[in-house]
Structure formats: structure tokens, C-alpha cells
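Everything on this sheet refers to the single structure shown next.
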Amino acid sequence: MAMTPSRSSNPFNLPPLKDRLVEICSTYFKFGYTTFGGPSAHIAILYDDIVVKRQWLASDQFTELFAICQALPGPASTELAYSLSLVRSGFLCSIVAFLLWSIPGAIIMTAAGVLIGNIKAGIPLWATRLEQGLASAAIGLVALAAYRMSTALATDKLTRSLALVAGSVSVLYTAPWLLPVMMIAGGVISYIHDGILAPLATSWREKREARKTELGKLKDEKDLEQGQVVKDSELDDALEESGADVAGVETSAEKMSNVHGSIRNRGGKTEIDIAEELSDDIKTDDTSRKAFSYSKKLGFVFFLIFLSLLIAAILVRALIPSSTTAEYGQLVSTFYFVGSIIFGGGPVIIPLLKTYTVDSGWMTDQQFLVGLALIQSLPGPNFNFACFLGAVAMVNANQSGIAGAILCYLAIFFPGLILKNAIIPFWQFVREHKSVKMVFRGVNACALGLVFSATWLLWIQTNTMGGSSGYHAVIASAAFVASGYLDIPAPLVIVLGGGMGAIEYAVHDK
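Oh and the sequence shown: position 493 is 492 in numbering that gives the first Met the number 0, straight run, nothing missing.
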């Protein structure tokens, strides 16, 4: 008799580890080289590939994870990419996915910090136009992702209104604390609407309908009292007809009883036997792949690790005196602290990093700006900027630039990822509860509003560097149509947008 694997050893029906690694590598390898355009474009690319094409999870699950990433400190798009691979294939595969997502850009930023950290020249114009072409294509993909997400998440007046308000607020105000506050406010509003106001309105309508029904019955009784009754002859005829009908029903019932009896006894099997066979079929066919999960206790352990390291970083920063020459202890504690307190991702982290690196004397303002311009032209997370800063800081201190880059890379990414590990099991445990679904309706709607607002914010950022805004609008529109209606892969669309940016330089600027 053939041995079958125990479900207790693989409760999620996951494929073998080798197959999961192959799937993750084939999915994430290209992201490290094609995710231009910043966090907003990253969200659009992930949604198109993971949800629309590969269907790893539903749209509402994707948006919930995205909303949680926005409400947590750290790089939101990187945390989302990590989370998608974690719930799909487990811890090891999620680490591989993170490395594939971030390493290519990190290597370039490290090399730049070690080799050209003291460069004095600015970024050439051709590189600026190339970056604008990439960003313009990303705008079209972000708009497409927002539209697709809206068809599943903004389906009534409440969710559409929340998305509109959240998008408008994020366009007008850029305070980092606004993102988690809007998520919480959206969840509270949807809970009040779905859990309190909607049931009250339904109860009121039911009572009104019951009152109308009661009034109708009273009116009918009053009409009967006034003599509107059936004549005796008509009543006799009606009784005779009903008697015939009853006889026909009895005959039909006997026939059906005979048929049912034959079915019950067919093949010598009873109804109980058939029911047991169906139950067995259901149990043996329950082999669908489920989302990877783990205990809430382990999630709490991850949170304790995050908190302990944060306290250690704060103590190191407090105990080691500040110096214009960077040291490894200061470097690691500073970047871990920054990664633990930053909400809003890359755009918010720039001024804080400038304060801790330039104002501390670890590098010059010109060196910082060169690295900033370079990271905006590369694929992958903006937090790879830490590799450049760590390398420059340690080279200026006559230490190993490569070691400084690696330490900063680990220090700034680790807080957000370990905190996401802590949140995932609690999210999976509560998301199916009725009250939590009410909350996530509002949270998802606000997250959708942020995606819509990202389209406008990315447009403003792209056109502040000059060039033809009309031409950039053409690139964005072409990207929207190419990915949404011609089924051209999003990474290829980004690359083609960069080519159109190079054409702008060759025609108008050269």
C-alpha cells in the first residue's frame, strides 16, 4: 500500500521547497532590474504580476497587506514584496525574494559609494531624461493599478468617498503621520457605518415594512366584515377543485416516494453510505494550496526582537559621543533607528538621513546629492540609498566602504521586515472575523486613495526636472494602454518608457 504524506507535516499543501524557490526566483528575478519609478510604481508592478497574472492572492488581500505596510515603519513597497512571498512560500523563500528585489540596486549604490563618493560633477542631462522616461511609464502603470483595484475595492458610496478623501488629503499634505492616521480613521468610519448605522437603518426599514403589512391585514379584515365573502356555490366549487388537487398531489407523492426508495437502495447502498462516500471525497480532494502561516507566539517573538534591537540602537546612540568621523557602531545604530521610525517610505527618509549623515559631518552635501540623484535613476527600493551613504561615510573615515554599505543595508531594512513578520500571523488570524472585515473595508478604501494620489505626486516629481510635460503625458498614456490592453509585461513597459526618454534627449536636448 502506497504511503501518503501526513497533512500535519504540510498543513498548507505547499509544494517541495525546491519548486517554491524556483517559483520565487522566476517571479522576483526580473524585479531587481526593472522596478524603476519608485515605490508607487513598485506597487503597480507587483499588483499586475502577483494578483492579475499569477493570482497568488485576491485583490482585497493584496490591498490589506499594502495598507499594513503603509501603516508600519520602513520601506512600504519592499515590505509588500517580502510579505507576498512570505504568505506564498514561507520564510526562506521570502528572504530570497527580498534579496532578488533589492540586491542589484544595492550593488550599484555600494560601488558608487566606494568608487565615486567624492565626485563633484552633477548628473548629466541624458541621465535625467532617461529617468523621466522611466518615471513617466511608471505613472501609467500606477494609474492602471489604481483603476483595477478600484473595481474591486470601491464598490459603494462609502468606499468611494473614503478613497476620494484619502487621496485628496495625501496630495495636499505630506506629513508622515498622516498615512497611519488615515488608515485608522478609514477603518473606524467603515466599522461605524457597517456595524452600527447600517444595521439600525435595516432594522428601521424592516419595522416600517412590518407596520405596512399589519395595516394591510387590518384593512382586509375590515373588508371581510363589510360582507365581501365568497358565495356558497363558489366555495363548494373551490372545495371540489382543491379536493381533486389534493388527490393528484397524493398520487404524485407516492410516485416520488417510490423513486426515492429506489435511489436509496440502488446498488445496496443507503443514504448514509452515499453521504459518507461524498464526505470522503471532500476530505481526499482538499489538496488546494493555502497561504503560509505560523503561530502568533512566533509573531510576538519577532516583535520582541524588533523592540530589543531598537532599544539597543537608542542606547548606542546615547552612549557613544557624536563625531564627525563615522564608526561602525554609530553607523549601524543610526540606520536601524531610522528604519524603525520612518513612516511613508523613501520620500520621507531623505531629510532624516541628510540630518544624520551630512549635518553630522560624515559626508559633504554634494556627495549626498549625487547619491540621491543616482538612487532615483535605479530600479529597486529607495532604501538602497543607505548602501551609498554607508560606503561614503566609511571611506571618508578611512575604513572599509563595502563593510559600511553592507551594515547599513542590513540595519535599515531589518526593522520593517522583522516587524512585518510579527504582524502577519495576527493579520491572518483576525482578517476573517466579521468586525475586522468591516474595518478593512475602510482601510482598503483609504489605501486605494493613496494609490490614486501617487499618480499625481509622481507626475509632479517627474516634471520638476524640466523637459516636455506633454511628451511625458504621451509616455504615461502609452504605458497605460500597453500594459492594460495590449498585455505587454509591466517591466518591459518601464524599459520602453526609458527608451522614449532617451529619444527626447536625442531630439530636443542634444
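Cβ coordinates follow ideal geometry from the N, Cα and C atoms, glycine included.
### Message
Rounded to the nearest angstrom, what separates ARG210 and LEU199 at their Cα positions?
### Response
Their backbone Cα atoms lie some 16 Å apart in a straight line.
### Query
Going straight from the alpha carbon of LYS353 to that of LYS156, what length do you get?
Their backbone Cα atoms lie some 43 Å apart in a straight line.
### Query
Is THR154 helix, strand or coil when you go by DSSP?
THR154 carries a coil assignment under DSSP once its states are collapsed to helix, strand and coil.
### Task
Would you mind reading off the limits of the alpha helix (DSSP H) that contains TRP55?
Unbroken run through TRP55: none, as it is neither H nor E.
### Query
Is it buried or exposed for SER294, if we count other Cβ within 10 angstroms and need 16 for buried?
Label assigned to SER294: exposed.
### Task
For ILE405, name the three-state secondary structure that DSSP assigns.
In the three-state DSSP reduction, ILE405 falls in the helix class (H, G or I).
### Task
Determine, using beta-carbon pairs with one atom in the region 450-467 and one in the region 32-42, whether at least three such pairs fall under 8 Å.
Judged by Cβ distances under 8 Å, the region 450-467 makes contact with the region 32-42, as three or more pairs qualify.
### Message
Is it buried or exposed, TYR335, if we count other Cβ atoms within 10 angstroms and call 16 or more buried?
### Response
TYR335 should be labelled buried.
### Query
Among LEU171, PRO414, TYR46 and ILE474, which residue has its Cα nearest to the Cα of THR62?
When the alpha-carbon of THR62 is set against those of LEU171, PRO414, TYR46 and ILE474, the nearest one is in TYR46.
### Task
Using a threshold of 8 Å, state whether the C-beta atoms of ILE474 and GLY36 are closer than that.
Cβ distance not < 8 Å, so ILE474 and GLY36 don't count as in contact.
### Message
Within 10 Å of its beta-carbon, does GLU213 have 16 or more other beta-carbons around it, so buried, or fewer, so exposed?
### Response
It counts as exposed.
#### Entry: For GLY194, the first and last residue of its enclosing alpha helix (DSSP H)
If you look at GLY194, you'll find it isn't in any alpha helix (DSSP H); DSSP assigns it neither H nor E.
### Option nearest ALA153 by Cα separation, candidates ASN443, PHE479, HIS507 and GLY469
Ranking ASN443, PHE479, HIS507 and GLY469 by Cα distance to ALA153 puts ASN443 first.
### Message
What does the alpha-carbon distance come out to for the pair GLN460 and SER189?
### Response
The straight-line gap from Cα to Cα measures roughly 33 Å.
### C-alpha distance - PHE428 paired with THR323, whole-angstrom precision
Cα-Cα distance, rounded: 48 Å.
### Cβ neighbours of VAL180 in the same chain (closer than 7 Å, five flanking residues each side left out)
If we look at VAL180 and ignore the five residues flanking it on each side, it has no Cβ neighbours.
### Task
Give a yes or no on whether the C-beta atoms belonging to LEU377 and GLY104 are separated by under 8 Å.
At the C-beta level, LEU377 and GLY104 come within 8 Å of one another.
### Task
Please work out which residues of its chain come closer than 7 Å, Cβ to Cβ, to LEU143, disregarding the five sequence neighbours upstream and downstream, and give them in chain order.
Here the set comprises ALA43, PHE479, SER482 and GLY483.
### Message
Rounded to the nearest angstrom, what separates ARG19 and PHE90 at their Cα positions?
### Response
Computed Cα separation, rounded: 11 Å.
### Residue-level contact to chain B via CB, PHE412, 8 Å cutoff
The chain inventory of the structure shown lacks chain B, comprising one protein chain alone.
### Task
Determine the DSSP secondary structure at ALA200, reduced to helix, strand or coil.
When DSSP states are grouped into helix, strand and coil, ALA200 belongs to the helix group.
### Query
Roughly how many whole angstroms lie between the Cα atoms of CYS68 and LEU98?
One C-alpha to the other measures close to 18 Å.
### Task
If I'm right that PRO74 touches PRO380 with Cβ under 8 Å, what's the distance once you round it to whole angstroms?
PRO74 to PRO380, Cβ: 5 Å. Contact.
### Task
Select from VAL95, LEU83, ILE310 and SER160 the residue whose C-alpha is nearest the C-alpha of CYS445.
Nearest option by C-alpha distance: SER160.
### Task
Given a cut-off of 8 Å, decide if GLY415 and LEU388 are closer than it, judged by their beta-carbon atoms.
Going by C-beta atoms, LEU388 is not nearer than 8 Å to GLY415.
### Task
Using alpha carbons as the reference points, say which of ILE106, SER82, ILE107 and MET108 lies closest to ALA96.
Answer by Cα proximity: SER82.
### Query
Taking DSSP as the reference, what is the three-state secondary structure of ASP486?
Residue state, collapsed to three classes: coil.
### Message
Only counting the same chain, and skipping five residues up and downstream in sequence, which positions put a Cβ closer than 8 Å to that of ALA515?
### Response
Residue coverage of the chain in this structure runs from 0 to 509, which leaves residue 515 outside it and unanswerable.
### Message
Check whether the region 310-321 and the region 417-435 are in contact - that is, three or more C-beta pairs closer than 8 Å.
### Response
Not touching, per the Cβ criterion.
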